[in-house]
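Inspection log for the structure reproduced underneath, given as structure tokens.
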Amino acid sequence: MTLPKALCTDETGATGIEYGLIISLIAMALVGAFQELRAEVFAMYGHIEEQYAAAQD
């Protein structure tokens with residue numbers, strides 16, 4: 432078998448690459464979710480801070 436044909440038919444490592452792609456997609460989804468969660472948490476703590484400041488007055 433010639434080298435170019437051998438390289439085209441060789442599937443070793445394909446599973447590892449597929450798992451890597453899946454993990455990268457999951458990581459991107461988590462980053463997006465955490466950014467949205469971050470905004471909500473900051474808004475919640477901002478509201479708590481306002482309520483605390485109003486209670487001290």
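Just so we're on the same page, the working numbering is the position in the sequence shown counted from 1, plus 431. Just so you know, even glycine gets a beta-carbon here, dropped at the ideal spot from N, CA and C. No experiment lies behind these values; they were computed from the predicted model shown.
| Which first and last residues belong to the alpha helix (DSSP H) in which residue 467 is found? | Here the question's residue 467 lines up with position 36 in the sequence shown. From DSSP, the alpha helix (DSSP H) with residue 467 extends over 445-487.
| request: Could you give the DSSP three-state label for residue 440: helix, strand or coil? | output: As a first step, residue 440 is located in the sequence shown; it is residue number 9 there, counting from the start. Residue state, collapsed to three classes: helix.
| Quick one: Cα of residue 455 to Cα of residue 469, how far? | Within the sequence shown, numbered from 1, the residue matching residue 455 stands at position 24. Within the sequence shown, numbered from 1, the residue matching residue 469 stands at position 38. Each residue's alpha carbon lies about 21 Å from the other.
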